[in-house]
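**Q** Below is the structure I would like to discuss, written out as structure tokens.
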Amino acid sequence: MVKHKKIITGLSDESGVTLIELLASLAILTLIVASFLGFFIQSARTTSRTSEVDEATFLAQEEMEEQVYLSSNGIIPDDFDDGESINYESPYTVKISYKEDTNELYAVIVEVFEGDTDDDSARKAIMENRLPFDRTEADE
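Each step along the sequence shown adds one to the number in the numbering used here, with nothing skipped, and position 67 is 68.
So, in structure tokens, the structure goes:
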């Protein structure tokens with residue numbers, strides 16, 4: 002009779018995982034992974050936007066450096082008298098505005114747009130500087 006009890010107690014030892022425990026752990030794991038997935042998606046969006054702004058800022062800086070070079074060498078830009086110049090650097094549009102600030106200095110504003118320059122929400126970068134352009138030589 003003692004042998005019979007050992008066999009029954011040996012069969013009643015359940016050390017495995019039940020289906021309910023397995024489903025509960027999968028549900029918890031899914032919630033954790035889903036919350037981290039949101040962070041990764043937002044990070045990818047932020048990285049993409051930062052890349053666009055960096056590229057536009059680089060274009061604006063490049064154009065501003067050209068304006069500084071022209072000013073320091075006494076060269077008047079071709080579109081200076083028009084008050085603005087628009088260049089197309091695919092997929093961006095670069096707008097350069099010249100406004101008289103004082104008798105000797107001009108405000109040079111470089112704006113970089115994605116697409117149309119009439120849409121302020123498409124502006125990706127803007128730089129402003131005061132530069133001397135010698136208009137006496139240009140007027141002669």
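Backbone N, C-alpha and C fix where the C-beta goes; we use that ideal spot for every residue, glycine too.
Note the first and the last residue of the continuous alpha helix (DSSP H) segment covering S73.
**A** For this step, residue 73 is matched to residue 72 along the sequence shown. Its alpha helix (DSSP H) spans residues 20 to 73.
**Q** Look up F1 in the DSSP assignment and give the residues it is bridged to.
**A** There is simply no residue 1 to check, as the chain begins at 2 and stops at 141 in what is shown.
**Q** So what does DSSP say about S16, is it helix, strand or coil?
**A** Indexing the sequence shown from 1 puts residue 16 at position 15. Looking at S16 - three-state DSSP - the assignment turns out to be coil, as it is neither helix nor strand.
**Q** If you draw a straight line from the alpha carbon of D80 to that of L132, how long is it in whole angstroms?
**A** Translated into positions along the sequence shown, residue 80 becomes position 79. Translated into positions along the sequence shown, residue 132 becomes position 131. If you take the alpha carbons of D80 and L132, they lie about 16 Å apart.
**Q** By Cβ distance below 6 Å, which residues in the same chain neighbour S16 in space, the five residues on each side in sequence not counted?
**A** Position 15 of the sequence shown, counted from the first residue, corresponds to residue 16. Contacts found: none.
**Q** Grouping DSSP H, G and I as helix and E and B as strand, with all else coil, what is I87?
**A** In the sequence shown, counting from the first residue as 1, residue 87 sits at position 86. Strand at I87.
**Q** DSSP state of E101, grouped into three classes?
**A** Along the sequence shown, read from residue 1 onward, the residue named residue 101 stands at position 100. Residue state, collapsed to three classes: strand.
**Q** Once the 5 residues before and after A57 are set aside, which same chain residues still bring their CB inside 8 Å of it?
**A** By 1-based counting over the sequence shown, the position of residue 57 is 56. Y93, V113, E115, K125, A126.
**Q** Hey, out of D119, L24, G84, V54, whose CA is closest to D102's CA?
**A** Against the sequence shown, residue 102 aligns to sequence position 101. Comparing Cα-Cα distances from D102 to each of D119, L24, G84, V54, the minimum goes to G84.
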